[in-house]
Amino acid sequence: MSSAEPTGSIQVTDDFRPSIGVELEFLVCVAVGDQPLNVPKRFENSNGGPVLLPSVMGSIFDAGPLAVQNKIRKTIEKAVSQHRGSRVLEPGDSVRLPNGQINQEVVHLQAYRDAWTIGNDASVYLGHDDQYLRNEAHISEYSWQSVEIASPALWATDESWKEIQAVVEALKDEYWILTPNTAGMHYHYGNGKAYIPFNKLRRIAALLLAVDPIIVQLHPELRRENNYARSNRLYSRVAHGRRAAVSSRDIRAEYVEEDTETPIARPRPIPVSRPVRKKTAGFIAPFKRGELTGYKFSPQRFFDTGYDEDRAYARRFRDGNYSTLRPQEIPLEVREILHSINAPTVADLMRYGPFTDRPAYSFHAYTQERYKRPVRQGNRVANTHQNKRTIEFRQMASTMEADEVVAHGKVIVRLCQYAVEADLDQLWKLVLDCTVAEDRGDWFDVFDLLAELGLHSEARALQHPVARFRGEKIPDEPDGDDEEEREGDDGESDISIPTIPATFWNIWGG
């Protein structure tokens, strides 16, 4: 054992059962005293209204947040009472073991045991990019209180998705809610109380690097360029060419959790432009291939990681000639992930910087300073909090459309399921497809990826936010060509991905 290997009492099990948690940020309308309740146009057909605060409460800034949170808590509790999902922590899961010691398998989820948590987030507000909201009639007549809600830790079961759906629907039905450009939606993906086994964590990281420039087509441009959701594929340490062995050495984590993996070399697919879609499982995405855009590479962001080696790299471009500056290719990035021998090495390669370390896909819980290392208070293990053990998906825009919230979560679970179940050759095929598709969206785009993964109902739900972000409206579903699109048609991807069985969510839920 290397001296750098964590030696705490935290256990890692080979058992694997996907768990999820969702965080949503939004603004709730607040009216005070006898204020006239003029209805903004966007809420004319809403059953809800503003949170009404009596004028005797004092300043809305002092009393408002707590009053709003209490009302939202009651709304959520009522929704959950009718649609209760599958909790990771059970009533018998105690913070203390029978011998009096801290149960580290429970403490890190204590805040997410049973109830939804409700707080506020000062980073959520009507900003410069939300002027169109401010200009709507009557919007500026009200105060808008920031709110952030987080679900308990849930197993990825049908019942859990129904709870998330019910909570979002209840909030939308009872209140006037805005989701400005500053509001995000985050999903946490984990393995219940345990860490994600390293062999599975490594595969998930490898696939996320490859699909990053494809999945981003589902998100609005402001989320893609957000400083707290930066592209792993474009700006992470591995994107800068950092090698796995170098990371292991520099962070002093050279112990081996699993041997390296090396995919067999194979030619990349030859793309053929095919903008017009045919039906897939009775569905046609309303966007031609090639219409959906991805990231815009930023040399400045590439330089400004805060790492010394990146600053040195930047000095080579003082003349402002960035024409040769590029992140390394996706297959090279993925190979370095697969050559990683432990979780902290993977986390180091997936990081953006030592200071601003919140990329689109965050492996923060698996860094050398956190992975399997108990948080201590003095000479004792802390009994109030411990580090999380999840991967955080940070790039999604917030929404109060419940089917879209659930669809995003199911896409995440399915991507991770494929990563851990596919054999290495299958995984490498998808990596190469995404490599080509990064610059050839006219051949393969995010809706093709969702179709290949069997996520047809999720694609139907997610076409709507994509259209909204583009300033469009989804027309009635076109009849199109009744012929179903088949594997191999016109340069079709040759990925072999099994379809999802009808009982998938319950199977994965135990």
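Taking this note's numbering, I'd label the letters of the sequence shown as residues 92 to 601.
In this text, a Cβ means the ideal position worked out from N, Cα and C, and glycines have one as well.
Handout entry: Residue range of the alpha helix (DSSP H) that includes Gly500
Key = Ala493 to Glu512
Exercise for the section: Identify whether Trp246 lies in helix, strand or coil by the three-state DSSP scheme. Expected result: strand
Handout entry: Inter-residue Cα distance where the pair is Lys291 and Ala335
Key = 17 Å
Handout entry: Same chain only: Cβ atoms within 8 Å of Thr526, ignoring 5 sequence neighbours per side
Key = Ala301, Arg359, Glu420, Ile421 and Pro422
Practice task
Tell me, please, which residues DSSP counts as bridged to Trp235.
Solution key: Cys120
Handout entry: Close Cβ partners of Asp212 (< 8 Å) along its chain, the five nearest in sequence each way excluded
Key = Glu116, Ser237, Val238 and Glu239
Practice task
Compute the minimum distance between the beta carbon of Asp303 and the heavy atoms of the ligand ADP, and state whether it is under 8 Å.
Solution key: The ligand ADP is absent from the structure shown, which contains no ligand whatsoever.
Exercise for the section: Report, in whole angstroms, the separation of the C-beta atoms of Ser322 and Ala510, which I expect to be a contact under 8 Å. Expected result: Contact doesn't hold; Cβ gap of about 18 Å is too wide.
Practice task
Mind the definition here: the stretch 359 to 374 touches the stretch 477 to 488 only if three or more C-beta pairs lie below 8 Å; say whether that holds.
Solution key: no
Exercise for the section: Measure how close the beta-carbons of Val472 and Glu549 come, nearest whole angstrom, since I'm counting them as under 8 Å. Expected result: No, Val472 and Glu549 are not in contact; Cβ-Cβ is about 41 Å, not under 8 Å.
Handout entry: 7 Å CB neighbourhood of Ser137 in its chain, flanking five on each side removed
Key = Trp267
Problem - Secondary structure of Glu260, DSSP reduced to three states - result: helix
Exercise for the section: For Val186, count neighbouring C-beta atoms within 10 Å of its own C-beta (all shown protein chains included) and say buried if the count is 16 or more, exposed if not. Expected result: exposed
Exercise for the section: Keeping to the same chain, check which residues put their C-beta closer than 8 Å to that of Asp494; ignore five residues upstream and five downstream. Expected result: Gln256 and Ala552
Practice task
Using DSSP bridges, identify the partner residues of Gly36.
Solution key: Outside the displayed span of the chain (92 to 601) sits residue 36, for which this structure offers no information.
Problem - Rounded C-alpha distance that separates Val539 from Leu521 - result: The displayed chain sequence assigns Asp, not Val, to residue 539. Each residue's Cα considered, the two are about 12 Å apart.
Handout entry: Simplified DSSP state of Phe538, which is helix, strand or coil
Key = helix
Practice task
Report the three-state DSSP secondary structure of Ile163 (helix, strand or coil).
Solution key: helix
Handout entry: CB of Trp235 within 9 Å of CB of Leu118, strictly
Key = yes
Exercise for the section: Would you decide whether Glu181 is buried or exposed? Buried here means 16 or more other CB atoms lie within 10 Å of its CB. Expected result: exposed
Exercise for the section: Look at the alpha carbon of Pro127 and the alpha carbon of Leu143, and state the distance between them as a whole number of angstroms. Expected result: 11 Å
Practice task
Measure the Cβ-Cβ separation of Gly281 and Ile111 and say whether it is below 9 Å.
Solution key: yes
Handout entry: For Thr415, the first and last residue of its enclosing alpha helix (DSSP H)
Key = It is not in any alpha helix (DSSP H) - Thr415 carries neither H nor E in the DSSP assignment.
Practice task
Reducing DSSP to helix, strand and coil, say where Ile432 ends up.
Solution key: coil
Handout entry: Cβ contact (3+ pairs, closer than 8 Å) linking the stretch 456 to 474 and the stretch 310 to 324
Key = no
Practice task
Could you say which of Leu298, Ile432, Ala330 and Asp184 lies nearest to Trp424 if we only look at CA atoms?
Solution key: Per the sequence presented here, residue 424 reads as Glu, with Trp not at that position. For the residues Leu298, Ile432, Ala330 and Asp184, the minimum Cα distance to Glu424 belongs to Ala330.
Handout entry: Bridge partners - Arg187, DSSP secondary structure assignment
Key = Ile193
Exercise for the section: Count the other CB atoms, across all protein chains shown, that sit within 10 Å of the CB of Val347; report buried if there are 16 or more and exposed otherwise. Expected result: exposed
Practice task
Might you give, ordered along the chain, the residues of its own chain that have their beta carbon closer than 6 Å to the beta carbon of Gly176, omitting 5 neighbours on each side?
Solution key: Leu245, Glu250, Ser251 and Glu254
Practice task
Assuming Ser489 and Thr270 form a contact by the criterion Cβ under 8 Å, report the distance between their Cβ atoms to the nearest whole angstrom.
Solution key: 4 Å
Problem - Residue from Ile295, Leu523, Arg133 and Pro141 whose Cα sits closest to the Cα of Tyr223 - result: Arg133
Exercise for the section: Given a cut-off of 9 Å, decide if Arg294 and Leu518 are closer than it, judged by their beta-carbon atoms. Expected result: yes
Handout entry: Spatial distance of Gln201 from Tyr462 (CA atoms)
Key = 18 Å
Exercise for the section: Give the DSSP bridge partners of Ser172, in chain order. Expected result: Answer is none; Ser172 lacks a bridge partner.
Handout entry: Three-state secondary structure (DSSP) of Glu352
Key = coil
Practice task
Report the rounded CA-to-CA distance for Ala261 versus Val198, giving the unit in angstroms.
Solution key: 30 Å
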